[in-house]
Amino acid sequence: MLTASCAKNLPAKPEVTDTACDWVSIIYLTEHDIAVLDKQTKRDILAHNRSVQRNCPNKIITASQ
Numbered sequence: 926m927l928t929a930s931c932a933k934n935l936p937a938k939p940e941v942t943d944t945a946c947d948w949v950s951i952i953y954l955t956e957h958d959i960a961v962l963d964k965q966t967k968r969d970i971l972a973h974n975r976s977v978q979r980n981c982p983n984k985i986i987t988a989s990q
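Reading the sequence shown from the start, the letters are residues 926 to 990 in my numbering.
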């Protein structure tokens, strides 16, 4: 998201606000999902979940929570 502002000194420096962690989440699979999904889809989901773990550490939910 690009946030605009009124600046007295030009040129104004744009400020980028990353909101990805607001809407992205871990993808959870059931045993049935694991049984029916193909290998590439499972790899893609794993890559997505690892990306969420690296980039949004506050979004991690452990099994004990």
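Think of the CB as a built atom: it goes at the ideal place given N, C-alpha and C, for glycine as much as any other residue.
Each of Val941, Lys967, Asp947 and Ala937 was checked against the Cα of Cys981, and the nearest Cα belongs to Asp947. Under the three-state reduction of DSSP output, Val941 falls in the strand class. For Ser976, the three-state secondary structure derived from DSSP is helix. Annotated as distal: Ile959 and Val977, with beta-carbon spacing of 8 Å or more. Assignment of Cys981 by DSSP, reduced to helix, strand and coil, places it in the coil class.
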